[in-house]
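Asks: In the working numbering, the protein residues as written are 1 to 278.
All residues carry an ideal CB built from backbone N, CA and C; glycine is no exception.
These numbers come from a predicted model, not from an experiment.
Below is the structure I would like to discuss, written out as structure tokens.
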């Protein structure tokens, strides 16, 4: 993964979006990345094609748009105080199914958005179908549910089966960890269906850490019925700041955002989750 140079922040101006904004500011200050603010508004007519003299017939919509522009401008001013470059993007009537296309056709390095725990996402860009955004977006996406810690990310947990076919995912995370200056924890969840002896797991993780990681890392493994339960248990016991996983659409761990009960265990965690799409 290349350096984090461009960040996309999805915002609906809610409290959760404010948390995401705080995370974006922290990361941008550390990496020097430029940040694009994206807000979506639904209008009763095609506002882009609407003649200027006809806007008076839609006073509520006009006020809503003006308010959104003012808030985006205020966000830009706050970031500029920290020497950061920003871009404000206000889109009209773009369905959630089109957001991944908007993201994938631009050269963003990281997407940041807020999330409600088990209740799912809210509003348009952060709507109930935002799982589609995560699943279909090729750009790493950081999901946050609370304000960041004052000193930012210090420990990153990579939950993986550490197979060679996920090498690009691991390397991208190591690169990101290097940029964010975090310590690394490698987590393997040992399940009954893919059971490995502790000696084999430790050897695999030690070898992986020695040959792949650019920074020193710690290795961990937990026994659990499935990956979701194992990750949830470990994260609750650790003092990590961010969880990193990959979505492939195949393994159960990849189905983090499906509505199943076991996957909801992870969804209830307040810790930020960094999702990579393989």
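Quick one: give me the first and last residue of the alpha helix (DSSP H) that residue 99 is part of.
Replies: Along the chain shown, one-based indexing puts residue 99 at 99. Counting along the chain, the alpha helix (DSSP H) containing residue 99 begins and ends at 99 to 104.
Asks: Using the three-state DSSP reduction, which class does residue 169 fall into: helix, strand or coil?
Replies: Counting from one through the chain shown, the residue named residue 169 turns up at place 169. If DSSP states are grouped into helix, strand and coil, residue 169 belongs with the helices.
Asks: If you reduce the DSSP assignment to three classes, tell me which class residue 94 lands in.
Replies: Along the chain shown, read from residue 1 onward, the residue named residue 94 stands at position 94. Residue 94: coil per DSSP, three-state reduction.
Asks: Could you compute how far the alpha carbon of residue 11 sits from the alpha carbon of residue 51?
Replies: One-based indexing of the chain shown puts residue 11 at position 11. One-based indexing of the chain shown puts residue 51 at position 51. Near 27 Å, if we compare the C-alpha coordinates of residue 51 and residue 11.
Asks: Of all the options 6, 276, 24 and 5, which has the alpha carbon lying nearest to the alpha carbon of residue 317?
Replies: Since the first and last residues shown for the chain are 1 and 278, residue 317 lies out of range.
Asks: From the DSSP output, read off the bridge partner residues of residue 10.
Replies: Position 10 of the chain shown, counting from 1, holds the residue named residue 10. Paired residues: 38.
Asks: Compare the beta carbon distance of residue 136 and residue 100 with 8 Å and say whether it is the shorter of the two.
Replies: Position 136 of the chain shown holds residue 136. Position 100 of the chain shown holds residue 100. In this structure, residue 100 lies closer than 8 Å to residue 136 by Cβ.
Asks: Please classify residue 59 as buried or exposed, where buried requires at least 16 other C-beta atoms within 10 Å of its C-beta.
Replies: The residue given as residue 59 occupies position 59 in the chain shown. Under this definition residue 59 is an exposed residue.
Asks: Which complete alpha helix (DSSP H) runs does the segment 148 to 211 hold, if anything under 4 residues is left out?
Replies: Listed in chain order, the complete alpha helix (DSSP H) runs (minimum 4 residues) inside the segment 148 to 211 are 167 to 180.
Asks: For residue 107, which residues in the same chain have their Cβ closer than 7 Å to its Cβ, ignoring the five residues on either side in sequence?
Replies: Against the chain shown, residue 107 aligns to sequence position 107. Excluding sequence neighbours, residue 107 sits near 6.
Asks: How far does the beta strand (DSSP E) with residue 108 in it extend, from its first residue to its last?
Replies: Mapped onto the chain shown, residue 108 falls at position 108. No beta strand (DSSP E) holds residue 108; DSSP gives it neither H nor E.
Asks: Report, in whole angstroms, the separation of the C-beta atoms of residue 31 and residue 179, which I expect to be a contact under 8 Å.
Replies: For the purposes of this step, residue 31 is taken as the residue at position 31 of the chain shown. For the purposes of this step, residue 179 is taken as the residue at position 179 of the chain shown. Indeed they touch by this definition, with Cβ atoms about 5 Å apart.
Asks: Relative to the C-alpha of residue 219, which residue among 228, 207, 227 and 229 is closest?
Replies: The residue labelled residue 219 in the question sits at position 219 within the chain shown. Checking every option, the nearest Cα to that of residue 219 belongs to 207.
Asks: Quick test of your reading: residue 102 and residue 75, contact by CB under 8 Å. State the CB separation rounded to the nearest angstrom.
Replies: Against the chain shown, residue 102 aligns to sequence position 102. Against the chain shown, residue 75 aligns to sequence position 75. Actually they do not touch by this definition, with Cβ atoms about 19 Å apart.
Asks: Between which two residues does the alpha helix (DSSP H) holding residue 23 run?
Replies: As a first step, residue 23 is located in the chain shown; it is residue number 23 there, counting from the start. 15 to 31 is the extent of the alpha helix (DSSP H) around residue 23.
Asks: Counting only the same chain and skipping the five closest in sequence on each side, list residues whose C-beta sits under 8 Å from that of residue 169.
Replies: As a working note, residue 169 is residue 169 in the chain shown. Hits under 8 Å: 160, 246, 276 and 278.
Asks: I need the straight-line Cα distance from residue 201 to residue 217, nearest angstrom please.
Replies: Indexing the chain shown from 1 puts residue 201 at position 201. Indexing the chain shown from 1 puts residue 217 at position 217. Distance between the alpha carbons of residue 201 and residue 217 is about 15 Å.
Asks: Does the beta-carbon of residue 77 have 16 or more other beta-carbons within 10 angstroms, so that it is buried, or is it exposed?
Replies: Here residue 77 corresponds to residue number 77 of the chain shown, with the count starting at 1. Counting Cβ neighbours within 10 Å, residue 77 comes out exposed, since fewer than 16 surround it.
Asks: I'd like to know whether the C-beta of residue 74 is nearer than 8 Å to at least one C-beta of chain D.
Replies: No chain D appears in this structure, which consists of one protein chain only.
Asks: Start and end of the beta strand (DSSP E) containing residue 61?
Replies: Numbered from 1 along the chain shown, position 61 holds the residue referred to as residue 61. It is not in any beta strand (DSSP E) - residue 61 instead sits in the alpha helix (DSSP H) that spans 59 to 80.
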